[in-house]
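Asker: Here's a structure for you.
Number of protein chains: 2
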Amino acid sequence: MWCVGIDLGGTFTKAVLVDRAGNAGEVFGLPTPTDGDPAGVVEGMAEAANRVVEARGLSHRDVVGVGVGSPGPISISRGIIYAMPNIPFMSNVPLRDMVGKKLDLPVVLENDANAAAYGEYLCGAGEEARDLVMLTLGTGVGSGIIIDGKILHGSHELGGELGHMILVPGGEPCGCGQRGCLERYCSAHYVAAGATRRIREAPPPTALRAILDAKGSIDAKDIHEARKAGDKLAAEIWDKAVYYLALGCVNVCRILDPDRIVLTGGMTRAGEDLFAPLRDHFFRLHWSLTKPKTEVSLASLGSDAGSIGAAGVAWQTFGN
Amino acid sequence: MWCVGIDLGGTFTKAVLVDRAGNAGEVFGLPTPTDGDPAGVVEGMAEAANRVVEARGLSHRDVVGVGVGSPGPISISRGIIYAMPNIPFMSNVPLRDMVGKKLDLPVVLENDANAAAYGEYLCGAGEEARDLVMLTLGTGVGSGIIIDGKILHGSHELGGELGHMILVPGGEPCGCGQRGCLERYCSAHYVAAGATRRIREAPPPTALRAILDAKGSIDAKDIHEARKAGDKLAAEIWDKAVYYLALGCVNVCRILDPDRIVLTGGMTRAGEDLFAPLRDHFFRLHWSLTKPKTEVSLASLGSDAGSIGAAGVAWQTFGN
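As given, the protein sequences belong to chains A and B, one line each in that order. This note's numbering puts the first residue of the first sequence at 31, with every later residue one more than the last. This note's numbering puts the first residue of the second sequence at 31, with every later residue one more than the last.
In structure tokens, the structure reads:
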């Protein structure tokens, strides 16, 4: 028997088959139909699901249930997606029931960052971990918390938002209405935005200035590359982001003490240029009462974590 | 049937009987024998336990198990207390097995702050809560986290240390080796220490100066009372502590999203003089994406939370 995991993204919809032991089978992806209506989006999700089932010569009778990982805000208990970045018509959509009706299968909805963390926990970088925290360094900082093998949702389905942990009292204003949130200091988007401001405001002699002038914008990758080439401002900006990321990881240890913190998202493509200074800061900022026991490492499933984890959530929900 | 909970403190040892439904029976306390050896401390714990059993006309056959709440650092899995504030000879003591042998009953060890949180969860301010966080504003800031009715220990028994969440990057040095920990800004001890420094360094016109000169020291209660009497410096110091406490509560909401955050410890005796400004700061610092749903309130069991919670841990461990 199988569960289907669907990862609904703003640009891409992906489905995967996962068996009870956590082995992933076929994967199928297609662009999310962003120019129609909710029914069109559900149609795309159903098509992706059907493709992976048929690719293995199976029918719906071989499928125990479907897990859907979706960007937030959502209500898991009510199965509703309240809003979706980039797709204005996906507002207050009863996604769980629509997909369930379309596929005639039981469906469970889950936050995409939680699903991705659960995917890594089940069959990625979480091997032999009981408690795992995942941070996605993308436009914002997404996160999912696994405690004792279960996703931490919180009492009001609002938990696990590590990107909005306040790290700098009275710090930079964040889109969430708070100031000084972690994601304001180390998401790819804000790192680039902060650099752009610094270059524009008081141009230091930096290679980034030429890139900014030529492209009209810079991104985290430009900063990483300029740093590698020895650019001083790029090094400073990169190091500051990594410092705050390490602070966030230390707080995760104090509060949750997981086996592992796994990182994913664009900025992790920098590899050891991210992880080496991150571990340095982490060790330095960590308390001296015990040695650091939580491992900070790279996630291993890449962009498949969300769909695989969604299938895992379906197994946990419908598998007994 | 009953479980016995023992709260081992640096100055006082207390035992309580608790039935399966969470009803507390007899309580007995005695000064912790601090001038002998570990066997003497265990003797005191056994005496307290025996007293509450006998007070109800019961024998050890009516007791399912014993829970011991102890100050840290401890190893729950190994049943060892590594060190105890104020009692130097309580170092690397196999407390669980010593108490078990003495009473001839199964014993489980738990961190005292976790036990207290569990006590409030079971039969105190945690009524109808599934997830609860407790903060004790004492010499330091102790804390316990209950998720889904279970104590969060973390993968290495190091979780739930909210007092050492870093709130101010590069801030005040903390005894733990980190800088800017929550407890450096809002424990009773550090609030008083910070005030003393300010009064001594550049004496502003404050009533606290006279108190400091007369007593040689000031405490959080002096600050609270001077604030009530309109002292400006006292108000400033109090408000700063409450601000950081509110920041910590906001972070707890972002990460754990509990039903309730309950506060206890000396500073909570200030009542609404603590809670009113705390809620103001909390609402102001909270993100705007949702209204605050987590309730911040006073713990209800006072100094009995630890022993009652320890009995609850015994029920959870031995009750099935």
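Here a beta-carbon is modelled for each residue, glycine too, at the ideal position from N, C-alpha and C. Predicted model, so just to flag it, every value in this text is computed and none were measured.
Buried or exposed for M164/A, please, with buried defined as at least 16 other CB atoms from any protein chain shown within 10 angstroms of its CB.
Answerer: Position 134 of the first sequence holds residue 164/A. Buried.
Asker: For F58/B, count neighbouring C-beta atoms within 10 Å of its own C-beta (all shown protein chains included) and say buried if the count is 16 or more, exposed if not.
Answerer: If you number the second sequence from 1, residue 58/B lands on position 28. The residue in question, F58/B, is buried, as its Cβ has 16 or more Cβ neighbours within 10 Å.
Asker: Where C216/A and A113/A are concerned, what is the direct C-alpha to C-alpha distance, given to the nearest angstrom?
Answerer: Counting from 1 along the first sequence, the entry for residue 216/A is found at position 186. Counting from 1 along the first sequence, the entry for residue 113/A is found at position 83. Answer to the nearest angstrom: the Cα atoms are 24 Å apart.
Asker: Does chain A have any CB closer than 8 Å to the CB of E266/B?
Answerer: Taking the first residue of the second sequence as position 1, residue 266/B is located at position 236. Closer than 8 Å: no.
Asker: Considering only DSSP beta bridges, list what P203/B is partnered with.
Answerer: Locating residue 203/B in the second sequence gives position 173, where the first residue counts as 1. DSSP output for P203/B lists R209/B as bridge partner(s).
Asker: Look up P136/B in the DSSP assignment and say whether it is helix, strand or coil.
Answerer: Numbered from 1 along the second sequence, position 106 holds the residue referred to as residue 136/B. Coil at P136/B, not helix or strand.
Asker: Which residues does DSSP list as the beta-bridge partners of W32/A?
Answerer: Numbered from 1 along the first sequence, position 2 holds the residue referred to as residue 32/A. In the DSSP output, where bridge partners are listed per residue, W32/A has D49/A and V93/A.
Asker: Is there a C-beta anywhere in chain A that falls below 8 Å from the one on D310/B?
Answerer: On the second sequence, residue 310/B is found 280 positions in, with the first residue counted as 1. For D310/B, the answer is no, since every Cβ of chain A falls outside 8 Å of its Cβ.
Asker: Alpha carbon to alpha carbon, how far is W268/B from F305/B? Give it in angstroms, no decimals.
Answerer: The residue you call residue 305/B lines up with position 275 of the second sequence. The residue you call residue 268/B lines up with position 238 of the second sequence. Looking at the two C-alpha atoms, the distance is approximately 12 Å.
Asker: Grouping DSSP H, G and I as helix and E and B as strand, with all else coil, what is F305/A?
Answerer: Locating residue 305/A in the first sequence gives position 275, counting from the first residue. If DSSP states are grouped into helix, strand and coil, F305/A belongs with the helices.
Asker: Return no unless some Cβ of chain B is closer than 8 Å to the Cβ of S18/A.
Answerer: Limits of chain A in this structure are 31 at one end and 350 at the other, which puts residue 18/A out of reach.
Asker: So, does the CB of R214/B fall closer than 8 Å to a CB anywhere in chain A?
Answerer: Here residue 214/B corresponds to residue number 184 of the second sequence, with the count starting at 1. Closer than 8 Å: no.
Asker: With a threshold of 8 Å, are at least 3 pairs of Cβ atoms found where one atom belongs to the stretch 336-345 of chain A and the other to the stretch 94-107 of chain A?
Answerer: Touching, per the Cβ criterion.
Asker: Reducing DSSP to helix, strand and coil, say where G170/A ends up.
Answerer: Reading the first sequence from its first residue, position 140 is the one you call residue 170/A. The answer is coil: DSSP assigns G170/A none of H, G, I, E or B.
Asker: Got a sec: is the Cβ-Cβ distance from Q346/A to anything in chain B below 8 Å?
Answerer: What you label residue 346/A is simply residue 316 of the first sequence in a count that begins at 1. So, not an interface residue.
Asker: Would you say S185/A faces chain B, with C-beta separation under 8 Å as the test?
Answerer: Here residue 185/A refers to the residue found at position 155 when the first sequence is read from its first residue. Output row for S185/A: interface = yes.
Asker: For the beta strand (DSSP E) containing V57/A, name the first residue and the last one.
Answerer: The residue you call residue 57/A lines up with position 27 of the first sequence. First-last of the beta strand (DSSP E) with V57/A: A54 to P61.
Asker: Tell me, to the nearest whole angstrom, how far the beta carbon of V221/A is from that of A250/A; I am working on the premise that it is less than 8 Å.
Answerer: Walking along the first sequence from the start, residue 221/A turns up at place 191. Walking along the first sequence from the start, residue 250/A turns up at place 220. Contact holds; Cβ gap of about 5 Å.
Asker: For E150/B, go through chain A and note every residue whose CB falls closer than 7 Å to its CB, in chain order.
Answerer: Sequence index remark: in the second sequence, residue 150/B carries index 120 (1-based). Those do not exist, as E150/B stays about 15 Å from chain A at its closest Cβ, beyond 7 Å.
Asker: By DSSP, does V198/A sit in helix, in strand, or in coil?
Answerer: Position 168 of the first sequence, counting from 1, holds the residue named residue 198/A. Looking at V198/A - three-state DSSP - the assignment turns out to be coil, as it is neither helix nor strand.
Asker: H219/B touches chain A at which residues, Cβ-Cβ below 8 Å?
Answerer: Here residue 219/B refers to the residue found at position 189 of the second sequence. Per Cβ cutoff of 8 Å: no residues; H219/B is ~18 Å from chain A at best.
Asker: For chain B, find out if any of its Cβ atoms is closer than 8 Å to the Cβ of L293/A; answer yes or no.
Answerer: Position 263 of the first sequence holds residue 293/A. False, the Cβ-Cβ gap to chain B never drops below 8 Å.
Asker: Say whether the stretch 230-241 of chain B touches the stretch 251-262 of chain B, bearing in mind that this needs 3 or more beta-carbon pairs closer than 8 Å, one atom from each stretch.
Answerer: Yes: at least three Cβ pairs fall under 8 Å.
Asker: How about the stretch 275-284 of chain B and the stretch 309-320 of chain B: do they share at least three Cβ pairs that are nearer than 8 Å?
Answerer: With the cut-off at 8 Å, the stretch 275-284 of chain B and the stretch 309-320 of chain B touch.
Asker: Which two residues bound the contiguous alpha helix (DSSP H) that contains S330/B?
Answerer: Translated into the one-based positions of the second sequence, residue 330/B becomes position 300. Counting along the chain, S330/B falls outside any alpha helix (DSSP H), and DSSP gives it neither H nor E.
Asker: Show which residues of chain A have a CB atom less than 8 Å away from the CB atom of V206/B.
Answerer: Locating residue 206/B in the second sequence gives position 176, where the first residue counts as 1. Per the sequence presented here, residue 206/B reads as Cys, with Val not at that position. Per Cβ cutoff of 8 Å: W317, S318 and L319.
Asker: Closer than 8 Å, CB to CB, is L238/A near chain B or not?
Answerer: Translated into the one-based positions of the first sequence, residue 238/A becomes position 208. False, the Cβ-Cβ gap to chain B never drops below 8 Å.
Asker: Have a look at H90/B, A85/B and V123/B and flag the residue whose alpha-carbon is nearest the alpha-carbon of P103/B.
Answerer: Translated into positions along the second sequence, residue 103/B becomes position 73. Comparing Cα positions, the closest option is V123/B.
Asker: Are A335/B and G149/B close, meaning C-beta to C-beta below 8 Å?
Answerer: Looking up residue 335/B in the second sequence gives position 305. Looking up residue 149/B in the second sequence gives position 119. Against a cut-off of 8 Å, the Cβ pair of G149/B and A335/B comes out as a contact.
Asker: Where DSSP assigns a beta bridge to G99/A, which residues make up the other side?
Answerer: Translated into the one-based positions of the first sequence, residue 99/A becomes position 69. DSSP, once it has assigned bridges, lists D37/A and E140/A as partnering G99/A.
Asker: Since D289/B meets chain A, which of its residues come closer than 7 Å, beta carbon to beta carbon?
Answerer: The count along the second sequence starts at 1 and reaches residue 289/B at position 259. Correct list: S185.
Asker: Are at least three pairs of beta-carbons, each pair with one atom in the stretch 39-54 of chain B and one in the stretch 175-184 of chain A, less than 8 Å apart?
Answerer: With the cut-off at 8 Å, the stretch 39-54 of chain B and the stretch 175-184 of chain A do not touch.
Asker: By the 10 Å Cβ neighbour count, where 16 or more other Cβ atoms means buried, how is H90/A classified, buried or exposed?
Answerer: As a position in the first sequence, residue 90/A is number 60, starting the count at 1. With fewer than 16 Cβ atoms within 10 Å of its Cβ, H90/A is classed as exposed.
Asker: Assign M195/B to buried or exposed, taking buried as 16 or more other Cβ atoms, counted over all protein chains shown, within 10 Å of its Cβ.
Answerer: Along the second sequence, one-based indexing puts residue 195/B at 165. M195/B is buried by the Cβ-count criterion.
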